[in-house]
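Structure first, commentary second.
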Amino acid sequence: MKKIALLFAATLALSACSGNETEKTAGSTSSKTTKENDVLTVYVNDFDEMIEPLFEEATDYDVEIVVGNGAEIQSRIESEKSNPNWDVVWMDGQASFSRWDDEGMFKQNLDLENKANLNDFGKELLPKTDAYYPTGAHAAGVIVYNTNEITAEEAPKTWEDLTDERFKDSVGMADPAVAAPAYPFVAWFFEEQGMDAGKEYFTKLFENGTKVYPKNPNVVEALLSGEIKVAALQESNAYKMVQDGEPVEIIWPEEGAPASVRYAAISSETDNEEAARAFINFLLEYETQKEMINGGTEGYFTSSVKDVESPDDRDKEAPLLIADPAKAAENEAEIKTWFSDQSVQ
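Quick note on numbering: the sequence shown equals residues -18 to -1, 1 to 327 in mature numbering (1 follows the signal peptide of the UniProt record, and there is no 0).
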């Protein structure tokens, strides 16, 4: 098989990306307090600038927000298994939540008051353990093309189109072994097609010259520079380019876009369960969700709460394809290792 060099960074925990692929450093906080029993510590990778003042204004609880990109937060939680410093984690990554739940890291059977606020979509995403609650989901990958390079008629319309010879050396995507949102993207293909067929699909992409970059912002740079003409790109990055007036168009394939689910869960070791429950209930309020939707490019997602509409300029159909959290967790190591093995020195 012809191999393609995967252009990913060597250290996942230091170079991976957040839900909306902005640069964030794990360990930074937006609260003036340090962790005490009466301060709720929340690990997040999105909405960090807005959620603290909103929550504190709506409740009597103090909160300390610890922000990092997705892989940094995951790494921090893993390193703190014997002594967790967090009360709530709220971030993308259904596979991680399933694995952590299986390992007993979450309080289960929460039966939160605002569970009643979940729409049908949200109810489908709720695990049987009632341990981690969905606050929404967004496309981990949509098709985006540079209009200076190809026309609308030439542009790919389906995921299979990306393997066509006419897009040879023209396609880019983020590395699922590095970029947190990229793993839910590829996990869906492996679940839908099976492991062998999934490898076959991505092998066709590699043999067609598809380039794999560390993070979605790197994909954006390559697309705008003309290094690639088409990208499988996280939707928040895609819509930001549109907002910035860049020469791109977004295509939602008819078969749908693989999605990343944003979940919130409570540490099984928390001493602050009352405030932790209040925080997740707050996330599931209609008013909170509307504030999140209006919060910039992070607001491009499908809400799990009743009556909450996506941004006006987002595809109203927005068909999302969500990999099963348990299956994604089960196959995570194999899939990420396989992608890494495609690289050449």
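Ideal Cβ placement from N, Cα and C applies to all residues, glycine included. These numbers come from a predicted model, not from an experiment.
- Contact between Tyr183 and Gln175 holds: CB atoms are separated by about 6 Å, below the 8 Å threshold.
- Cβ-Cβ distances below 8 Å link Phe171 to Trp141, Gly180, Tyr183, Phe184 and Pro240 in the same chain, with the five nearest sequence neighbours on each side left out; the list follows chain order.
- Secondary structure at Phe184: helix, using DSSP grouped into helix, strand and coil.
- Buried is the label assigned to Met87, since at least 16 other Cβ atoms lie within 10 Å of its Cβ.
- The alpha-carbon of Asp157 is positioned some 6 Å away from that of Tyr195.
- According to the DSSP assignment, Ser242 belongs to the beta strand (DSSP E) that extends over Ala239 to Ile248.
- The C-beta distance from Ala213 to Val153 rounds to 7 Å, short enough to fall under 8 Å.
- One Cα belongs to Tyr127, the other to Val45, and the distance between them is close to 41 Å.
- The alpha-carbon of Glu39 is positioned some 35 Å away from that of Pro301.
- In the same chain as Asp93, and ignoring 5 residues on each side of it, the C-beta atoms closer than 7 Å to its own belong to Asp112, in chain order.
- The C-beta separation of Gly118 from Lys150 comes to about 36 Å, leaving the pair out of contact by the 8 Å criterion.
- One thing to note: Pro307 has its Cβ within 7 Å of the Cβ of Ser80.
- DSSP places Val224 within a helical segment (H, G or I) once states are collapsed to three.
- Residues of the same chain with a CB within less than 7 Å of the CB of Ala258, apart from the 5 flanking positions on each side, are Leu22, Asp69, Val70, Ile248 and Thr252 in chain order.
- By the criterion of a C-beta distance shorter than 8 Å, Glu136 is surrounded in its chain by Arg148, once the five residues flanking it on both sides are discounted.
- In terms of Cα proximity to Arg244, the closest of Lys89, Glu316, Met274 and Phe37 is Met274.
- According to DSSP, residue pairing for Ser285 in a beta bridge involves Gly118.
- DSSP, reduced to helix, strand and coil, places Asn128 within a strand of the structure shown.
- In the structure shown, the three-state DSSP call for Gly154 is strand.
- DSSP links Ile55 through a beta bridge to no other residue.
- Taking 8 Å as the upper bound for CB-CB distance, Gly50 and Ser242 are not in contact here, some 16 Å apart.
- Under DSSP, Glu60 forms no beta bridge with any residue.
- Nearest to Glu31 by C-alpha distance, out of Val48, Ser57, Asn91 and Thr41, is Val48.
- 7 Å or more divides the Cβ of Leu144 from the Cβ of Gly238.
- For Gln324 and Lys186, the gap between their C-alpha atoms comes out near 12 Å.
- One Cα belongs to Ser64, the other to Arg58, and the distance between them is close to 12 Å.
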